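Remarks on the structure that follows.
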Amino acid sequence: MLRGLSRPTVPQVTRFVVIDDEDDGLDDLPLFQPSATTGLMGEIVRSVVQYLDGKTDKDMRSSRVERLLQNVQSTLKGHPG
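Take the sequence shown: its position 36, counted from the start at 1, is 120 in the numbering used here, and no numbers get skipped.
Listed below in structure tokens is the structure:
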């Protein structure tokens, strides 16, 4: 993904977000994690807009415990999607 954003044919990208319900080892990227149960909700959408507008540098990740459990589950079962 980062390689694609850095291509010369892509307009200058200064901010981007990753929206994924699983952590998938995206520790170094601005990750916004909707609930796998409820999906993308207004609070996350508003936070993404604020992030992309440069009004905040805060992303929205699940708790460390929940991310650890997701990573273990993905390792054991594989990613469903």
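Every residue, glycine too, gets a C-beta built ideally from N, C-alpha and C.
Note that the structure is predicted; figures quoted are calculated from it, not measured.
1) Give me the DSSP bridge partner(s) of G123.
2) Are there 16 or more other CB atoms within 10 angstroms of the CB of L115, so buried, or fewer, so exposed?
3) So the candidates are D141, R148, P95, S147; which of them puts its Cα closest to the Cα of L113?
4) I103 bridges to which residues according to DSSP?
5) Flag this pair as yes or no: are the beta carbons of M144 and S131 separated by less than 7 Å?
6) By the 10 Å Cβ neighbour count, where 16 or more other Cβ atoms means buried, how is D107 classified, buried or exposed?
Judging by the given coordinates:
1) In DSSP, G123 forms a bridge with S119.
2) Looking at its Cβ environment, which holds 16 or more other Cβ atoms inside 10 Å, L115 is buried.
3) With distances taken between Cα atoms, L113 lies closest to D141.
4) According to DSSP, I103 bridges with F116.
5) Closer than 7 Å, so yes.
6) By the 10 Å Cβ count, D107 comes out buried.
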